[in-house]
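**Student:** The structure under discussion is supplied below as structure tokens; questions concerning it will follow.
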Amino acid sequence: MAAAVARWTASGKHIVYALASSGEAGIEGMDPATAGPIREEEQRTSAAIVGVDEVEFWGFPDSEISNTAELRDRIRTTIARVRPDVILSLYGGPEWAPGMPNQRDHMEFAAAVLEAYDTFDGERPRWLFENGPAATHRVDVSDQIDVAVRSLAAHQQYLSVLDPDTPVVEQARRQIDMVTGDGFCGFELKRSHS
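Position one of the sequence shown corresponds to residue 41 (my numbering), numbered consecutively onward.
Encoded structure:
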């Protein structure tokens, strides 16, 4: 998604990142109280690289995200405040591909976003997309691949623990190439409102 975000911010679009958690459970072997601030700083740095200067962390507990009324309320509050034309959410399906399961937190968050959108009382954003494998829309990001790699590589601590034997930039390149191998980033349209 970072490559598409870089393209959009370069063309003047304002992007807001809203994250349910700080990712504090995501660095194996590190106390969540230590990991949370590190993950937040890495996320802010990563976002800034692709032109995003507004990053929100909502404080829901990492690895315990559930599609609750509280989470849906927070999503609706953010929609009302930001008034986006488009929402890009995490993929909510069970698998990215056979043998590549999705994370439960991501599935729960995606379900909460869909439900919050469907029950939003104000003017709904025109489109809601997920960054899933069944793309209905594709964005040419061939000129943004390198900046997307730099953005992902900003998650230095996270990636260095995830795979200590592979340099962080190499891990980032592999991940970005996996989702943009043909120079495009795909999104699946989940909702639209005219």
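Cβ coordinates follow ideal geometry from the N, Cα and C atoms, glycine included. All of these numbers come straight from a predicted model, not from anything done at the bench.
Gly132: buried (16+ other C-beta within 10 angstroms of its C-beta) or exposed?
**Tutor:** Reading the sequence shown from its first residue, position 92 is the one you call residue 132. Buried, because 16 or more other Cβ atoms sit within 10 Å of the Cβ of Gly132.
**Student:** Which class does Phe227 belong to by DSSP, given the choice of helix, strand or coil?
**Tutor:** The residue you call residue 227 lines up with position 187 of the sequence shown. Phe227: strand per DSSP, three-state reduction.
**Student:** State yes or no: is the beta carbon of Val179 nearer than 9 Å to at least one beta carbon in chain B?
**Tutor:** Of the protein chains in the structure, only one exists, and it is not chain B.
**Student:** Would you list the residues sitting across from Ser232 in a DSSP beta bridge?
**Tutor:** As a first step, residue 232 must be located in the sequence shown, where it is residue number 192. Trp167, per the DSSP bridge assignment.
**Student:** By Cβ distance below 7 Å, which residues in the same chain neighbour His195 in space, the five residues on each side in sequence not counted?
**Tutor:** Taking the first residue of the sequence shown as 1, we reach residue 195 at position 155. Correct list, in chain order: Glu82 and Ser86.
**Student:** Check the DSSP bridge columns for Ile127 and list the partner residues they point to.
**Tutor:** The sequence position of residue 127 within the sequence shown is 87, counting from 1. Note: Ile127 sits in a beta bridge opposite Leu168.
**Student:** Asp180 lies in the beta strand (DSSP E); which residues open and close that run?
**Tutor:** Here residue 180 is taken as the residue at index 140 of the sequence shown, counted from 1. From DSSP, the beta strand (DSSP E) with Asp180 extends over His177 to Asp180.
**Student:** Trp98 and Ala58 - do their beta-carbons sit closer together than 9 Å?
**Tutor:** Within the sequence shown, the letter at position 18 stands for residue 58. Within the sequence shown, the letter at position 58 stands for residue 98. Yes, Cβ-Cβ distance for Ala58 and Trp98 is below 9 Å.
**Student:** Just the Cα atoms here: how many angstroms apart are Glu80 and Asp161?
**Tutor:** Here residue 80 is taken as the residue at index 40 of the sequence shown, counted from 1. Here residue 161 is taken as the residue at index 121 of the sequence shown, counted from 1. Looking at the two C-alpha atoms, the distance is approximately 31 Å.
**Student:** Spell out a yes or no on whether the region 175-192 and the region 210-226 are touching, meaning 3 or more CB-CB pairs, one atom from each, closer than 8 Å.
**Tutor:** Contact holds: three or more Cβ-Cβ distances are below 8 Å.
**Student:** May I have the straight-line CA-CA distance separating Leu130 from Glu170, to the nearest angstrom?
**Tutor:** As a first step, residue 130 is located in the sequence shown; it is residue number 90 there, counting from the start. As a first step, residue 170 is located in the sequence shown; it is residue number 130 there, counting from the start. Cα to Cα, the separation comes out at about 5 Å.
**Student:** How big is the Cα-Cα spacing for Gln211 and Leu199?
**Tutor:** The residue labelled residue 211 in the question sits at position 171 within the sequence shown. The residue labelled residue 199 in the question sits at position 159 within the sequence shown. Their backbone Cα atoms lie some 7 Å apart in a straight line.
**Student:** Per the DSSP calculation, Glu135 is bridged to which residue(s)?
**Tutor:** Here residue 135 corresponds to residue number 95 of the sequence shown, with the count starting at 1. Glu135 is bridged to Pro141.
**Student:** In this structure, does DSSP put Val90 in helix, strand or coil?
**Tutor:** Position 50 of the sequence shown, counting from 1, holds the residue named residue 90. In the structure shown, Val90 sits in coil (DSSP, three-state: anything other than H, G, I, E or B).
**Student:** Among Lys53, Gln143, Cys225 and Ser234, which has the Cα closest to the Cα of Ala174?
**Tutor:** Locating residue 174 in the sequence shown gives position 134, counting from the first residue. For Ala174, the nearest C-alpha among the options comes from Cys225.
**Student:** With DSSP run on the structure shown, which of helix, strand or coil describes Ala60?
**Tutor:** Translated into the one-based positions of the sequence shown, residue 60 becomes position 20. Note: Ala60 maps to coil in three-state DSSP.
**Student:** Would you give the residue range spanned by the alpha helix (DSSP H) that Ala44 belongs to?
**Tutor:** To locate residue 44, count along the sequence shown from 1; it is residue 4. First-last of the alpha helix (DSSP H) with Ala44: Ala42 to Ala50.
**Student:** Following the continuous alpha helix (DSSP H) through Ser191, name the residue where it begins and the one where it ends.
**Tutor:** As a working note, residue 191 is residue 151 in the sequence shown. That run of the alpha helix (DSSP H) goes Ile185 to Ala193.
**Student:** Please determine, among Asp102, Ala42 and Ala43, the residue with the shortest C-alpha to C-alpha distance to Asp71.
**Tutor:** Residue numbering aside, residue 71 sits at position 31 when the sequence shown is read from its first letter. Closest option to Asp71, Cα to Cα, is Asp102.
**Student:** Provide the residue(s) that pair with Val95 in DSSP beta bridges, ordered along the chain.
**Tutor:** In the sequence shown, residue 95 corresponds to position 55, counting from 1. DSSP lists Tyr57 as partners of Val95.
**Student:** Label Gly52 either buried or exposed according to how many other C-beta atoms from any shown protein chain fall within 10 Å of its C-beta, with 16 as the threshold for buried.
**Tutor:** Taking the first residue of the sequence shown as 1, we reach residue 52 at position 12. By the 10 Å Cβ count, Gly52 comes out exposed.
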